[in-house]
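Below is one structure, written out as structure tokens; the observations come after it.
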Amino acid sequence: DPVKRAELRAQLKELKAKLKELRAAKVTNGVPSEIQPFLAEMVKKKKAALQEAYSNREPLILCLNSRQDPCASPPAFSEDGEGKEA
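Per UniProt numbering, residue 1 is the first one in the sequence shown, and the count goes up by one each step.
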């Protein structure tokens with residue numbers, strides 16, 4: 001039947017288009033392709049604003065290893081040299 005064949009071809013075209021959309025959604029993590037560049041621009045602007053806000057601040061140095069290493073500094077000795085800690 002030529003009518004049935006034409007219907008199947010039309011259905012095949014629809015399904016291929018749907019598959020193409022699903023593959024595009026998978027690549028963009030479900031976000032439509034029009035929104036993706038907009039979101040990227042927003043993230044870029046936020047990052048630039050934060051860099052500007054924190055550019056004048058002095059860096060915060062954290063000591064992540066709070067325990068003192070016993071070998072790091074020798075104990076202080078008294079002036080008479082007996083080896084007792086001061």
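Each residue gets a CB set at the ideal place from its N, CA and C atoms; glycine is no exception.
- Taken atom to atom, the span from the alpha-carbon of E21 to that of A40 is near 21 angstroms.
- For E41, the uninterrupted alpha helix (DSSP H) segment begins and ends at I35 to Y54.
- Collapsing the DSSP output to three states places L60 in coil.
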